[in-house]
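Chemist: Quick note: the sequence shown uses this note's numbering, first residue 445, plus one each step.
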Amino acid sequence: MTNGGGPISGAPATGSGVAGPINAGLRPAICHNCGGEKAGPLVPCKACGFVPTGEDRPIAWLFSGHHLEAAELMEAAERIRAGERPDPPSALRQAARTAMGALPLLDPSGKGLSRRDLVGVVVGSLLLTPLVGIAVWFGWREDRPKAAAQALWTSLAIGGLVALAWVTEQVAEYLS
Ligand SMILES: [Zn+2]
Numbered sequence: 445m446t447n448g449g450g451p452i453s454g455a456p457a458t459g460s461g462v463a464g465p466i467n468a469g470l471r472p473a474i475c476h477n478c479g480g481e482k483a484g485p486l487v488p489c490k491a492c493g494f495v496p497t498g499e500d501r502p503i504a505w506l507f508s509g510h511h512l513e514a515a516e517l518m519e520a521a522e523r524i525r526a527g528e529r530p531d532p533p534s535a536l537r538q539a540a541r542t543a544m545g546a547l548p549l550l551d552p553s554g555k556g557l558s559r560r561d562l563v564g565v566v567v568g569s570l571l572l573t574p575l576v577g578i579a580v581w582f583g584w585r586e587d588r589p590k591a592a593a594q595a596l597w598t599s600l601a602i603g604g605l606v607a608l609a610w611v612t613e614q615v616a617e618y619l620s
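#1: At a cut-off of 8 Å, would you count F494 as near ligand 1, judging by its Cβ distance to the nearest heavy atom?
#2: Would you check whether ligand 1 has a heavy atom nearer than 8 Å to the C-beta of A491?
#3: Can you give the Cα-Cα distance for P533 and P496, rounded to whole angstroms?
#4: Excluding the five sequence neighbours on either side, which residues of its own chain have a C-beta within less than 6 Å of the C-beta of R537, listed in chain order?
#5: Taking 8 Å as the cut-off, is the CB of G479 close to at least one heavy atom of ligand 1?
#6: Given a cut-off of 9 Å on the beta-carbon distance, is the pair L486 and A504 in contact?
#7: How far does the alpha helix (DSSP H) with G604 in it reach, from first residue to last?
#8: The alpha helix (DSSP H) that contains P502, what's its start and end?
#9: Let me confirm a value: K590 is counted as buried when at least 16 other C-beta atoms fall within 10 Å, else exposed. Which label applies?
#10: Could you tell me which of A521, D587, A616 sits nearest to C475, measuring between CA atoms?
Listed below in structure tokens is the structure:
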């Protein structure tokens, strides 16, 4: 197995000579295809050439220093080399996607709100005003009625929550 002689360096690992030392400061990763070490979760694997794309990206992220401790990475690498196929639960993959900030379009056909649009509406509604959703709804109501409705309801729901939080605060203040 070639290790590529990458920039990963550090104190020699104690014991197990399976993998080279993993320096946690570099946010290293292991290739979830072959168990080889990589400098980062999304870079090509020097050992097998595997490049994580699509659904493999969040999985690759989970097998990196972003998610696992160095010791856990070593353990995972050994198990993958031994033939185990990684299959993280969908909730974990979703958490990885969120953490990566690489939110894929939910509906490329443009019928529904993309994740990015939804996040924009949520953030806009929280930071600015629920009018953001109403504005989006107004702009999209003919071309993208479904997305427009989603934006509207998201905004209204957040507006409702904000109002509820405000009322709760007022009541709490009144009672104290
Ligand atoms: Zn590999």
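We put the CB at the ideal spot given by N, CA and C, even for glycine.
Modeler: Based on what the coordinates show:
#1: For the purposes of this step, residue 494 is taken as the residue at position 50 of the sequence shown. It does: the Cβ of F494 is within 8 Å (strictly closer) of some heavy atom of ligand 1.
#2: Counting from one through the sequence shown, the residue named residue 491 turns up at place 47. Yes, the beta carbon of A491 sits closer than 8 Å to at least one heavy atom of ligand 1.
#3: Here residue 533 refers to the residue found at position 89 of the sequence shown. Here residue 496 refers to the residue found at position 52 of the sequence shown. One C-alpha to the other measures close to 17 Å.
#4: Working through the sequence shown from its first residue, we reach residue 537 at position 93. For R537, where only same-chain residues beyond five positions count, the Cβ hits under 6 Å are P502.
#5: Within the sequence shown, numbered from 1, the residue matching residue 479 stands at position 35. Yes, the beta carbon of G479 sits closer than 8 Å to at least one heavy atom of ligand 1.
#6: On the sequence shown, residue 486 is found 42 positions in, with the first residue counted as 1. On the sequence shown, residue 504 is found 60 positions in, with the first residue counted as 1. A contact, by the Cβ cut-off of 9 Å.
#7: Residue mapping note: residue 604 aligns to position 160 of the sequence shown, counting from 1. First-last of the alpha helix (DSSP H) with G604: 589-619.
#8: As a first step, residue 502 must be located in the sequence shown, where it is residue number 58. Taken as a continuous stretch (DSSP letters only), the alpha helix (DSSP H) holding P502 covers 500-506.
#9: Numbered from its first residue, the sequence shown carries residue 590 at position 146. With fewer than 16 other Cβ atoms within 10 Å, it is exposed.
#10: The residue you call residue 475 lines up with position 31 of the sequence shown. Ranking A521, D587, A616 by Cα distance to C475 puts A521 first.
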